[in-house]
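Heads up, the thing below is written out as structure tokens.
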Amino acid sequence: MRAVVARHRDDRGALLPILHSLMEELGHVDPAAIPILADELNLSRADVHGVVTFYHDFRQTPPGRTTVRICRAEACQAVGGNELVDRARSRIGVGLGETTPDGAITLEQVFCLGNCALGPSVQVGDRLYGRVGAQELDRLLGEAA
Ligand code: FES
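Counting the sequence shown from 1 gives a position; our numbering is that position plus 1151.
Written out as structure tokens, the structure is:
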């Protein structure tokens, strides 16, 4: 964490780049980082906490081994994106932003994956899938479990 801070210390508005780097390198922003970042950047803990909690992209717990993101933006919503979210929730028993107890899958919503013409879109790890129906979703979740 201190190495990440050192890389960005002289940037203007260093907090956001640091948080993004922590997400890339560690997969989450541990709450224990908040006082350290506040100290390093001469900010209050409340300021850092406010930024971390304002942006939903900054997870505070480690993600599961596979992250499944289901698009809920307008184009995907029109072709069943919300129904996929409901199905995924009931299939794996966790809500959005949560991880299955065995640490296999983190379920997230996303607002556009740049695949609007082929919705509903789902991203599993780094792979993007289009025109995902209920059975395809079940298959993807089964493979990730
Ligand atoms: S709206 Fe879902 S990929 Fe763009």
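Even for Gly, the Cβ is constructed at its ideal location relative to N, Cα and C. For clarity, every value in this text was computed on a predicted model and none was experimentally measured.
Assess contact between the stretch 1263–1280 and the stretch 1197–1212, defined as three or more Cβ pairs (one per stretch) separated by less than 8 Å. Is contact present? These segments do not touch.
I believe H1171 touches A1165 by the beta-carbon criterion, under 8 Å. Please report the beta-carbon distance rounded to the nearest angstrom. Approximately 11 Å separates the beta-carbon atoms of H1171 and A1165; this is outside 8 Å, ruling out the contact.
With a threshold of 8 Å, establish whether the CB of G1248 neighbours any heavy atom of the ligand FES. Look at G1248: its beta carbon is at least 8 Å from all of the heavy atoms in the ligand FES.
Judging by CA-CA distance, which residue of C1263, A1296 and R1163 is the nearest neighbour of G1281? G1281 has its Cα closest to that of C1263, out of C1263, A1296 and R1163.
From the DSSP secondary-structure annotation, give me the bridge partner or partners of T1212. In DSSP, T1212 forms no bridge with anything.
Going by other Cβ atoms of all chains shown within 10 Å of its Cβ, with 16 needed for buried, is G1215 buried or exposed? buried
Inter-residue CB distance, G1270 and A1239 (contact presumed, cutoff 8 Å): 15 Å between Cβ atoms; not a contact.
Which residues have their C-beta within less than 5 Å of a heavy atom of the ligand FES, listed in chain order? The filter returns C1222, A1224, A1226, C1227, C1263, L1264, N1266, C1267, G1270 and S1272, in chain order.
By Cβ distance below 8 Å, which residues in the same chain neighbour E1259 in space, the five residues on each side in sequence not counted? For E1259, where only same-chain residues beyond five positions count, the Cβ hits under 8 Å are T1218, V1219, R1220, I1221, L1247 and G1248.
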